[in-house]
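Sequence lines, in order, name chains S and Y.
In case it helps, the numbering used here puts the first sequence at residues 836 to 947.
In case it helps, the numbering used here puts the second sequence at residues 3 to 117.
Don't be surprised by glycine CBs; every beta carbon is placed ideally from N, CA and C.
Please read all numbers here as calculations on a predicted model, not as lab measurements.
Working notes, structure below.
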Amino acid sequence: QKEVEQNSGPLSVPEGAIASLNCTYSDRVSQSFFWYRQYSGKSPELIMSIYSNGDKEDGRFTAQLNKASQYVSLLIRDSQPSDSATYLCAVDFTGGGNKLTFGTGTQLKVEL
Amino acid sequence: DAGVIQSPRHEVTEMGQEVTLRCKPISGHNSLFWYRQTMMRGLELLIYFNNNVPIDDSGMPEDRFSAKMPNASFSTLKIQPSEPRDSAVYFCASSLQTGMNTEAFFGQGTRLTVV
Chain S
836 QKEVEQNSGP
846 LSVPEGAIAS
856 LNCTYSDRVS
866 QSFFWYRQYS
876 GKSPELIMSI
886 YSNGDKEDGR
896 FTAQLNKASQ
906 YVSLLIRDSQ
916 PSDSATYLCA
926 VDFTGGGNKL
936 TFGTGTQLKV
946 EL
Chain Y
3 DAGVIQSPRH
13 EVTEMGQEVT
23 LRCKPISGHN
33 SLFWYRQTMM
43 RGLELLIYFN
53 NNVPIDDSGM
63 PEDRFSAKMP
73 NASFSTLKIQ
83 PSEPRDSAVY
93 FCASSLQTGM
103 NTEAFFGQGT
113 RLTVV
């Protein structure tokens, strides 16, 4: 069974620090990887997608992918209290681009 | 665009009753997904449609669950009969499938409570 693993947290970081969120997955041939943010009581919203090895930066967010190690991470620079949420890692194991398996999420708390 | 629209936002029903959840995907999207989210199991894919056709329903927990997509702008998820263990938040999501792109956009969810 294809799996996506995340540490449930909570991960607490001080305001202004870098938050590092990690995710491992079970299938080496996976091609598409996504990070979703979910505020309490709200729906998941896509913040980053990454398809090839290396880093992808978008504003304060950087996604890092290492397919050999089956590892994807999300870095949030200059963390703000508004970044406090649960971050869900999602992987498309099918290669067909249409079926995501989600991790259970990591709760991030950014403290003043 | 108004995004993915789900109704109702909240549903409380008694065990044994039929429950129907509704979803309107983003116009122009060709894929639609139904997810269920619980504290214990996280976000689970129940079923997805591509061009209104069910492609994979392996996540549907049992025969009490059924889903339809009669046209590109509407889908339903039905539970009959409902049980307390069905209590969860049900999300509908849609995407425009282009190659490897699987950027799904979620509706606000329906919080179902079965008592």
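What is the rounded straight-line gap between the Cα of residue i and the Cα of residue j?
{"i": "glutamine 841/S", "j": "threonine 859/S", "result": "7 Å"}
{"i": "glutamate 13/Y", "j": "methionine 42/Y", "result": "20 Å"}
{"i": "proline 56/Y", "j": "lysine 837/S", "result": "21 Å"}
{"i": "glutamine 915/S", "j": "threonine 929/S", "result": "35 Å"}
{"i": "tyrosine 874/S", "j": "leucine 923/S", "result": "11 Å"}
{"i": "serine 60/Y", "j": "isoleucine 49/Y", "result": "7 Å"}
{"i": "serine 861/S", "j": "arginine 38/Y", "result": "22 Å"}
{"i": "phenylalanine 896/S", "j": "serine 9/Y", "result": "33 Å"}
{"i": "glutamine 99/Y", "j": "asparagine 32/Y", "result": "6 Å"}
{"i": "leucine 846/S", "j": "glycine 940/S", "result": "11 Å"}
{"i": "serine 904/S", "j": "serine 84/Y", "result": "42 Å"}
{"i": "aspartate 893/S", "j": "arginine 87/Y", "result": "40 Å"}
{"i": "serine 908/S", "j": "valine 926/S", "result": "12 Å"}
{"i": "glycine 5/Y", "j": "phenylalanine 51/Y", "result": "18 Å"}
{"i": "proline 63/Y", "j": "glutamine 866/S", "result": "27 Å"}
{"i": "lysine 80/Y", "j": "methionine 17/Y", "result": "14 Å"}
{"i": "threonine 78/Y", "j": "leucine 114/Y", "result": "14 Å"}
Round the Cβ separation of residue i and residue j to the nearest angstrom and send it over; I've been treating them as touching at under 8 Å.
{"i": "leucine 881/S", "j": "glutamine 899/S", "result": "Contact doesn't hold; Cβ gap of about 17 Å is too wide."}
{"i": "alanine 920/S", "j": "arginine 863/S", "result": "Contact flag wrong, Cβ pair sits at about 30 Å."}
Who pairs with residue i in a beta bridge, going by DSSP?
{"i": "serine 884/S", "result": "Phe869/S"}
{"i": "glutamine 899/S", "result": "Asp890/S, Ser908/S"}
{"i": "aspartate 927/S", "result": "Ser867/S, Leu935/S"}
{"i": "valine 117/Y", "result": "The partner list for valine 117/Y (beta bridge, DSSP) is empty, contrary to what the question assumes."}
Let me know if residue i comes out buried or exposed under the rule of 16 or more other beta-carbons within 10 Å of its beta-carbon.
{"i": "threonine 936/S", "result": "buried"}
{"i": "isoleucine 853/S", "result": "exposed"}
{"i": "methionine 71/Y", "result": "buried"}
{"i": "lysine 877/S", "result": "exposed"}
{"i": "glutamate 947/S", "result": "The question names glutamate, yet the displayed sequence has leucine at residue 947/S. Label assigned to leucine 947/S: exposed."}
Chain S contacts made by the segment 48 to 63 of chain Y, where a contact means CB separation under 8 Å: Tyr50, Asn52, Ile57, Asp58
What residues in the segment 875 to 895 of chain S bring their beta carbon closer than 8 Å to a beta carbon of chain Y? Lys877, Ser878, Pro879, Glu880, Leu881, Ser884, Tyr886
Short-range partners of chain S found in the segment 13 to 44 of chain Y, where Cβ spacing is below 7 Å: Ser33, Gly44
Against chain S: residues of the segment 74 to 97 of chain Y by CB proximity under 7 Å: Phe93
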